[in-house]
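Note sheet for the following structure.
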Amino acid sequence: MRSVDSLDEAKLRRKPGQGEADAGPRTAKSPSEAGLELSPLAQRVAEQLRHANRSPNIFIGQLAMLEWTSLLALSFGAYDLVPSASTQGFLAYAVFAGAGLLSFLFAGHFADSYQINMLRHSRRSLKRAFASLILCFAIMLVTIVVWNSPAAAYQWLGIWFVFGGMFLLIERYTVSRAIRRWTRNGIIERRAVIVGGGDPAKTLIRTLEAQEDGDIRICGIFDDRQDRRSPNMVAGYPKLGTVAELVTFARETRIDMLIIALPLSAEARILELVKKLWILPVDIRLAAHSNSLRFRPRAYSHVGDMAMLDLVDKPIRDWDAVAKRIFDLVFTLIALFLLWPVMLVTAIAVKATSKGPVLFVQKRHGFNNEIINVLKFRSMYTEMSDPTARLAVTKNDPRVTPVGRFIRKTSIDELPQLFNVLKGDLSLVGPRPHAVLAQTHNRLYKDIVESYFARHRVKPGVTGWAQVNGWRGEIDHDDKIRNRTACDLYYIENWSLLLDLKILFMTPFSLFNMENAY
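Here the sequence shown is numbered in this note's numbering, starting from 622 and rising by one per residue.
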């Protein structure tokens, strides 16, 4: 288990570029979301955690894909080494090998062969991988016997089995060494913050530390209590601040999990904590190690061998996020191919009818409240534009150009945001990004809707569930931002690729509702 310890420089030190991707410089927070100032120690720790780590689940999926494709490729090589094999039967063997290798993956899954803790140990990992390979070999052999296949099939299967065993021997040994190195360097890990101090936190930490080769990295402790029940150092880990400061800390870092170290009997305090923290894009778990009440095994998830109660799950994570990104890229490229004439004509019209640039850049809230620059076709006179969006556009607004009125009503002004999708700042579908100082009746949206920032647990979108349900355009009443936020939260909790596809197809029809689009 890795740690962040204020007393150990080696634990805080991190080389530039470590991790799967560099998060890059983070922009300053807007006044509408400014949190509490972090202590110097918390700021120091946060600086070490601003780079993205590599998800263990993503790595395991990539490893399984690598093994399947490699073993399939080896079956092709084995086929070439069979003297009596005919070129006409190659396709049949390829399909047979691909289908048979699915049993290798399923067996590996059920044997826990694809677990980070297991993959660290080359011998244990190899034993389970070989067991899966033998099972796959047996299934394929029985199938060949039942089909009364020719002698070439037996030769092919035997050669492939030998090649596959040699490949797994080298590959699993190499992966084992790589995982141990990546874990030491913090490239593959799950970053956790302990919420709550004192003896419960100490017991939790000791239990996690007792687990051999865990992938949890404890990044610190946050607790509102300042008395003897919550000292500044618990089991060698520093207390970095209060729960309110934890929200700011989580905005500045790449945290995966918050573990609440409280007994289940402290129901009121747990609910209070969840109410403050659920707006963050992280998993929230309640440690069950100190609870005398026990539920059925399926009620728990596990961090290593430790049982946890799942309070909040991070939405659209791991392979779901990969699938959504592929979805975005495919449909964005299709949209650009179909809509480029409209965008070209719009750019010419904007430039020809009023002075100023074709595009308008506005700072808006992105994922996890980060500030992003969103593109639009300029719809206002340059000298009257309002980058802060403090003054909402109203009906017959004199700041809007004649061309601007049309492209705003039809949402053509939003089309340049397709380039934001390609860049990765936006998704095609998600909660619409609002300007950082957007407000209604001189009140910021976050002051009207308590759960407003929970919209930012996922990447914002060009279109969304709220927009196709009639909540687009001007927000001139508190109920409009409440209803829009409710739709956004519904989308986050019920996300699927099918829902994204449904929203995409509904979007053109929703544009006919121009009641609030000015």
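Here a beta-carbon is modelled for each residue, glycine too, at the ideal position from N, C-alpha and C.
task = Drop a sphere of 10 angstroms on the beta-carbon of glutamine 683, count the other beta-carbons inside from all chains shown, and report buried for 16 or more, exposed for fewer.
result = Mapped onto the sequence shown, residue 683 falls at position 62. Classification for glutamine 683: exposed.
query = Secondary structure at valine 943, three-state DSSP: helix, strand or coil?
reply = Numbered from its first residue, the sequence shown carries residue 943 at position 322. Residue state, collapsed to three classes: helix.
query = In three-state DSSP terms, what is histidine 986?
reply = Counting from one through the sequence shown, the residue named residue 986 turns up at place 365. In this structure, histidine 986 counts as strand in the three-state DSSP scheme.
task = Count the CB pairs spanning the region 1097-1110 and the region 1125-1135 that are closer than 8 Å, and state whether there are at least three.
result = In short, these stretches do not touch, since the Cβ pair count stays below three.
inquiry  = Assuming contact is defined by CB atoms lying nearer than 8 Å, are leucine 740 and serine 676 in contact in what I supplied?
reply    = Against the sequence shown, residue 740 aligns to sequence position 119. Against the sequence shown, residue 676 aligns to sequence position 55. In terms of Cβ geometry, leucine 740 and serine 676 do not form a close pair [threshold 8 Å].
task = Could you tell me how far apart the beta carbons of threonine 1031 and leucine 1132 are, in whole angstroms, since I believe they sit closer than 8 Å?
result = Mapped onto the sequence shown, residue 1031 falls at position 410. Mapped onto the sequence shown, residue 1132 falls at position 511. That pair is a contact at about 6 Å.
request  = Helix, strand or coil for aspartate 1099, going by three-state DSSP, please let me know.
outcome  = The residue labelled residue 1099 in the question sits at position 478 within the sequence shown. DSSP, read as helix, strand or coil, puts aspartate 1099 in helix.
Per-residue DSSP class, three states only, for glutamine 1060 = Taking the sequence shown and counting its residues from 1, one reaches residue 1060 at position 439. In the three-state scheme derived from DSSP, where H, G and I count as helix and E and B as strand, glutamine 1060 is classed as strand.
ask   = Considering only C-alpha positions, which residue in the set Ala1075, Pro1081, Thr1003 is nearest to asparagine 1041?
value = Stepping through the sequence shown from its first residue, residue 1041 is reached at position 420. Restricting attention to Ala1075, Pro1081, Thr1003, the CA atom closest to the CA of asparagine 1041 is found in Pro1081.
ask   = Which residues in the same chain have their Cβ closer than 8 Å to the Cβ of tryptophan 940, if we skip the five residues on either side of it in sequence?
value = By 1-based counting over the sequence shown, the position of residue 940 is 319. Taken in chain order, the residues that qualify are Asn678, Ile679, Gly682.
query = Between which two residues does the alpha helix (DSSP H) harbouring leucine 712 extend?
reply = For this step, residue 712 is matched to residue 91 along the sequence shown. Per DSSP, leucine 712 belongs to the alpha helix (DSSP H) from 711-731.
task = Report the three-state DSSP secondary structure of valine 1042 (helix, strand or coil).
result = On the sequence shown, residue 1042 is found 421 positions in, with the first residue counted as 1. Residue state for valine 1042 is assigned as helix, using DSSP reduced to three classes.
inquiry  = Just checking: is the beta-carbon of isoleucine 1113 within a distance shorter than 8 Å of some beta-carbon in chain B?
reply    = Among the protein chains of the structure shown there is no chain B, as only one such chain exists.
query = Taking just the CA atoms, how far does phenylalanine 727 sit from alanine 1140?
reply = Because residue 1140 is not part of the residues shown, which for the chain are 622 to 1139, the question remains open.
message = If you follow the alpha helix (DSSP H) that proline 677 is in, where does it begin and where does it stop?
response = Mapped onto the sequence shown, residue 677 falls at position 56. Start and end: 677-701.
request  = Could you pull the start and end residues of the alpha helix (DSSP H) that methionine 761 belongs to?
outcome  = Stepping through the sequence shown from its first residue, residue 761 is reached at position 140. Taken as a continuous stretch (DSSP letters only), the alpha helix (DSSP H) holding methionine 761 covers 743-767.
ask   = Roughly how far, in whole angstroms, is the beta-carbon of alanine 909 from the beta-carbon of alanine 928, given that I think they are within contact range, below 8 Å?
value = Sequence index remark: in the sequence shown, residue 909 carries index 288 (1-based). Sequence index remark: in the sequence shown, residue 928 carries index 307 (1-based). Indeed they touch by this definition, with Cβ atoms about 4 Å apart.
inquiry  = Looking only at its chain, what residues have a beta carbon closer than 7 Å to the beta carbon of asparagine 994, apart from the 5 residues adjacent to it on each side?
reply    = Locating residue 994 in the sequence shown gives position 373, where the first residue counts as 1. Contacts found: Val982, Lys984.
ask   = Does the beta-carbon of aspartate 934 have 16 or more other beta-carbons within 10 angstroms, so that it is buried, or is it exposed?
value = Mapped onto the sequence shown, residue 934 falls at position 313. Residue burial is scored here from C-beta neighbours: aspartate 934 has fewer than 16 other C-beta atoms within 10 angstroms and is therefore classed as exposed.
ask   = Going along the chain, which unbroken runs of the alpha helix (DSSP H) with 4 or more residues stay wholly within the region 945-975?
value = Complete alpha helix (DSSP H) runs here, min 4: none at all.
ask   = In or out: alanine 759 buried (at least 16 other Cβ within 10 Å) or exposed?
value = What you label residue 759 is simply residue 138 of the sequence shown in a count that begins at 1. Exposed: under 16 other Cβ atoms inside 10 Å.
task = Over the uninterrupted alpha helix (DSSP H) stretch that includes glycine 779, give me the two end residues.
result = As a first step, residue 779 must be located in the sequence shown, where it is residue number 158. In the DSSP assignment, glycine 779 falls within the unbroken alpha helix (DSSP H) covering 772-806.
task = Could you tell me the boundaries of the alpha helix (DSSP H) in which proline 852 lies?
result = Reading the sequence shown from its first residue, position 231 is the one you call residue 852. Neither: proline 852 is in no alpha helix (DSSP H) and is coded neither H nor E.
request  = Tell me whether the beta-carbon of serine 724 lies closer than 8 Å to the beta-carbon of cysteine 757.
outcome  = Residue 724 sits at position 103 when you count from the first residue of the sequence shown. Residue 757 sits at position 136 when you count from the first residue of the sequence shown. Taking C-beta atoms as the reference points, serine 724 and cysteine 757 count as a pair closer than 8 Å.
query = Are the beta-carbon atoms of tryptophan 899 and alanine 715 separated by less than 8 Å?
reply = Locating residue 899 in the sequence shown gives position 278, where the first residue counts as 1. Locating residue 715 in the sequence shown gives position 94, where the first residue counts as 1. No, they are not a contact pair.
key: Where proline 821 falls, given that 16 or more other Cβ within 10 Å makes a residue buried   = For the purposes of this step, residue 821 is taken as residue 200 along the sequence shown, with counting starting at 1. The residue is buried, with at least 16 neighbouring Cβ atoms inside 10 Å.
query = Relative to the alpha-carbon of arginine 1078, which residue among Gly1091, Lys976, Arg875 has its alpha-carbon at the smallest distance?
reply = Locating residue 1078 in the sequence shown gives position 457, counting from the first residue. It is Arg875.
key: Counterpart residues of glycine 1082 in DSSP-defined beta bridges   = As a first step, residue 1082 must be located in the sequence shown, where it is residue number 461. Paired residue(s): Ser1048.
ask   = Should glutamine 847 go down as buried or exposed, given a rule of 16 or more other Cβ atoms within 10 Å for buried?
value = Translated into positions along the sequence shown, residue 847 becomes position 226. Flag for glutamine 847 reads exposed.
C-beta atoms of lysine 860 and aspartate 845 nearer than 8 Å = Here residue 860 is taken as the residue at index 239 of the sequence shown, counted from 1. Here residue 845 is taken as the residue at index 224 of the sequence shown, counted from 1. Between lysine 860 and aspartate 845, the gap from beta carbon to beta carbon reaches 8 Å or more.
task = Please look up how many angstroms separate the CB atoms of isoleucine 583 and valine 855, rounded, as I've assumed it's under 8 Å.
result = Here the chain comprises residues numbered 622 to 1139, so residue 583 is not present and cannot be evaluated.
key: Three-way DSSP call (helix, strand, coil) for arginine 1020 in this model   = Your numbering for residue 1020 matches position 399 in the sequence shown. Three-state DSSP puts arginine 1020 in coil, outside helix and strand.
ask   = Around the Cβ of arginine 634, are there at least 16 other Cβ atoms within 10 angstroms (buried) or fewer (exposed)?
value = Along the sequence shown, read from residue 1 onward, the residue named residue 634 stands at position 13. With a pLDDT of 33 at arginine 634, under the threshold of 50, the predicted position of this residue should be treated as unreliable, and no value is reported.
request  = Report all residues from its chain with a CB closer than 6 Å to the CB of proline 902; omit the five preceding and five following residues, and keep chain order.
outcome  = If you number the sequence shown from 1, residue 902 lands on position 281. Scanning its chain for C-beta atoms nearer than 6 Å, with the 5 sequence neighbours on each side dropped, one finds around proline 902 the residues Lys935, Asn989, Arg1078, in chain order.
task = Look up isoleucine 900 in the DSSP assignment and say whether it is helix, strand or coil.
result = Walking along the sequence shown from the start, residue 900 turns up at place 279. Isoleucine 900 falls in the coil class under three-state DSSP.
ask   = When you compare only the Cα positions, how much space is there between glycine 819 and lysine 896?
value = Along the sequence shown, read from residue 1 onward, the residue named residue 819 stands at position 198. Along the sequence shown, read from residue 1 onward, the residue named residue 896 stands at position 275. Straight-line Cα distance between these residues: approximately 22 Å.
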